[in-house]
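Chemist: For the sequence shown, my numbering begins at 564 and goes up steadily by one.
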Amino acid sequence: MKALVVYGSRYGTAAEIAEEIARVIKEEGVEVDLVDIRRIKDCDVTLYDLVIVGSGIKMGKWTKRSLKFLQNNKSALAKKKVALFVSCGAANEEDSRAEGQEKYLDEVAAKNLVNQPVATGLFGSVYDPDAKHGIVFNFTQRFIKKDLEKKGLDPTKRHDYRDWDGIRSWSRGLVDL
C-alpha cells in the first residue's frame with residue numbers, strides 16, 4: 564500500500580500531527596509521502612491507495628489550500644480511500660467535539676468528496692501565549708486566558724491538547740482499512 568499525507572497548517576500544529584501520522588503508518592510498513600500543501604502546486608493522487616488530508620482550523624475554517632486540494636482532486640479521490648483530520652479547539656472540550664466533528668469534518672466531506680471518508684480524526688489544538696497568531700487571536704486571547712484560569716491552568720504557559728496516543732491509534736487504524 565502507498566499513502567499520501569497532505570496537510571495545511573498555519574502555526575505548525577496540524578503539521579506535527581501529519582508528521583506523526585506519516586511516521587506511524589510508515590512504521591506499519593506502508594510507503595508514505597508527506598506533503599505540506601504550501602509546497603506543491605499539483606499532486607497526482609492516482610499514485611496512492613490511501614490519501615489522508617488534514618488542516619488546522621482558524622476562525623472556523625480549513626486552510627484554503629487544503630480545501631482547494633480536495634476540490635481539485637474530487638473525482639480522483641472518489642476512487643481512493645480518503646481520511647480527513649483537523650486540529651482544532653473544538654476537540655479540546657468534550658462538549659464541543661460533536662459540533663467540531665460535524666462542522667469541520669462531516670460538512671467538509673459532504674461538500675468536497677464524492678464518497679464518505681474511511682476515517683475522520685478530530686484532534687486537539689495547542690494554546691501558546693507566545694505564538695504570533697495575529698490580531699483576532701490577540702482579541703480572543705483575553706477570553707482564552709479567563710477560561711484557562713477557571714480551569715486552574717496557567718494562561719502564561721503553553722498547553723498542548725492533542726491526544727498523541729489517540730492520534731497514533733487512529734493512524735494504525737488507517738493501515739487496517
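For glycine and all other residues, C-beta sits at the position ideal for the given N, C-alpha and C. None of these values were measured; they are calculated from a predicted model.
1. What residue does the alpha helix (DSSP H) around Leu-640 start on, and which one ends it?
2. Buried or exposed, going by whether 16 or more other CB atoms sit within 10 Å of the CB of Val-614?
3. Quick test of the definition: if touching needs 3 or more C-beta pairs under 8 Å, does the segment 600-612 touch the segment 622-642?
4. For Ser-688 and Val-568, I'd like the C-alpha separation in whole angstroms.
5. Taking the beta strand (DSSP E) that Asp-739 belongs to, which residues open and close that run?
6. Suppose the cutoff is 6 Å on Cβ atoms and the five residues either side in sequence are ignored; what does the same chain contact list for Ser-572 look like?
7. Would you kindly check if the distance between the Cβ of Thr-683 and the Cβ of Ile-646 is under 8 Å?
8. Quick check: the Cα distance between Arg-735 and Asp-726, rounded to an integer number of angstroms?
9. I want to know whether the segment 637-645 touches the segment 575-593 - three or more CB-CB distances under 8 Å.
Modeler: In short, the structure shows the following:
1. For Leu-640, the uninterrupted alpha helix (DSSP H) segment begins and ends at 637-640.
2. Looking at its Cβ environment, which holds 16 or more other Cβ atoms inside 10 Å, Val-614 is buried.
3. yes
4. 19 Å
5. Per DSSP, Asp-739 belongs to no beta strand (DSSP E) and is neither H nor E.
6. Ala-578 and Gly-619
7. In the sequence on display, residue 646 carries Ala and not Ile. In this structure, Thr-683 lies closer than 8 Å to Ala-646 by Cβ.
8. 14 Å
9. Judged by Cβ distances under 8 Å, the segment 637-645 makes no contact with the segment 575-593, as fewer than three pairs qualify.
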